[in-house]
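Novice:
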Amino acid sequence: MNHWLMKCEPDVFSIDDLEKQKVEGWYGIRNYQARNMMRDAMKIGDLVFFYHSNVKVPGIVGIMEVISAPYPDPTQFDPKHRYFDPKSTPENPRWVQVDVQYVRHTKRNITLQELKEDETLEDLPLVRRGNRLSIMPISAQSWTRILARENLTAE
DNA sequence: GCCAACGTTGGC
DNA sequence: GCCAACGTTGGC
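Yeah, the first sequence ends on 1316 if you go by this note's numbering, and it's all consecutive.
Here it is in structure tokens:
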């Protein structure tokens, strides 16, 4: 099983929204590197950290599970949608999404700041300078270490 | 709201 | 295929 982290702006879609909905199609990936990882490496049953980006205290706020294989992101075909891609066709779709299911909130916001300060997480793409990937793989070791932070007292 | 760091686009 | 211009991401 693989582990992942996926970013989302909570103003657009938050962990609370996912809890209410239970399931959501993770549409809107428009970066080739992110897409390739989703398309080629993401499997049903994989666990994913839900990360809130572009907020006052960015960080990991929940866990979700991949419950579908990758399939074409419908928004790429919708001319009215902001994620419309005129170069993509149903016969040859460019962008994919997966369905994710709510698992749980983390006990607290595991903040970007504390992840940066954790020396054991130096390989985490998230804390590397200039990283803008909205989907990234998390090693099993990092996954365990990040989860262990849950029970620490927030500083 | 600013802006650094990227990714993408398109002229050549 | 280079690279300047442009758009976007996302922390701060």
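Glycine is no exception: its CB is placed at the ideal position from the N, C-alpha and C atoms.
Ignoring anything shorter than 4 residues, give me the alpha helix (DSSP H) runs that lie fully in the segment 1243 to 1310, in order along the chain.
Specialist: The segment 1243 to 1310 contains these whole alpha helix (DSSP H) runs: 1273 to 1278, 1301 to 1310.
Novice: Please identify the residue among Ser1300, Leu1294, Val1261, Arg1290 whose C-alpha is closest to the C-alpha of Gly1223.
Specialist: Here residue 1223 refers to the residue found at position 62 when the first sequence is read from its first residue. For the residues Ser1300, Leu1294, Val1261, Arg1290, the minimum Cα distance to Gly1223 belongs to Val1261.
Novice: As a quick exercise: from Asn1215, Thr1250, Asn1163, pick the residue whose alpha carbon is nearest that of Asp1207.
Specialist: Position 46 of the first sequence, counting from 1, holds the residue named residue 1207. Here the closest residue by C-alpha is Asn1163.
Novice: Residues in the same chain with beta-carbon distance under 7 Å from Val1218, minus the five sequence neighbours each way, listed in chain order, please.
Specialist: On the first sequence, residue 1218 is found 57 positions in, with the first residue counted as 1. Counting only Cβ-Cβ distances below 7 Å, and skipping sequence neighbours, we find Asn1270, Thr1272.
Novice: By the three-class DSSP mapping on this structure, what secondary structure does Ile1176 have?
Specialist: Locating residue 1176 in the first sequence gives position 15, counting from the first residue. Helix.
Novice: Where Met1225 and Tyr1263 are concerned, what is the direct C-alpha to C-alpha distance, given to the nearest angstrom?
Specialist: The residue given as residue 1225 occupies position 64 in the first sequence. The residue given as residue 1263 occupies position 102 in the first sequence. When rounded, the distance between both Cα atoms is 5 Å.
Novice: To the nearest angstrom, report how far apart Met1199 and Asn1312 are at their CA atoms.
Specialist: Along the first sequence, one-based indexing puts residue 1199 at 38. Along the first sequence, one-based indexing puts residue 1312 at 151. Taking the straight line from one Cα to the other gives about 30 Å.
Novice: Kindly indicate which three-state DSSP category Pro1240 falls into: helix, strand or coil?
Specialist: Counting from one through the first sequence, the residue named residue 1240 turns up at place 79. DSSP places Pro1240 in coil when its eight states are reduced to three.
Novice: My output table needs one value for Tyr1188: the three-state DSSP class, helix, strand or coil.
Specialist: Translated into positions along the first sequence, residue 1188 becomes position 27. Note: Tyr1188 maps to coil in three-state DSSP.
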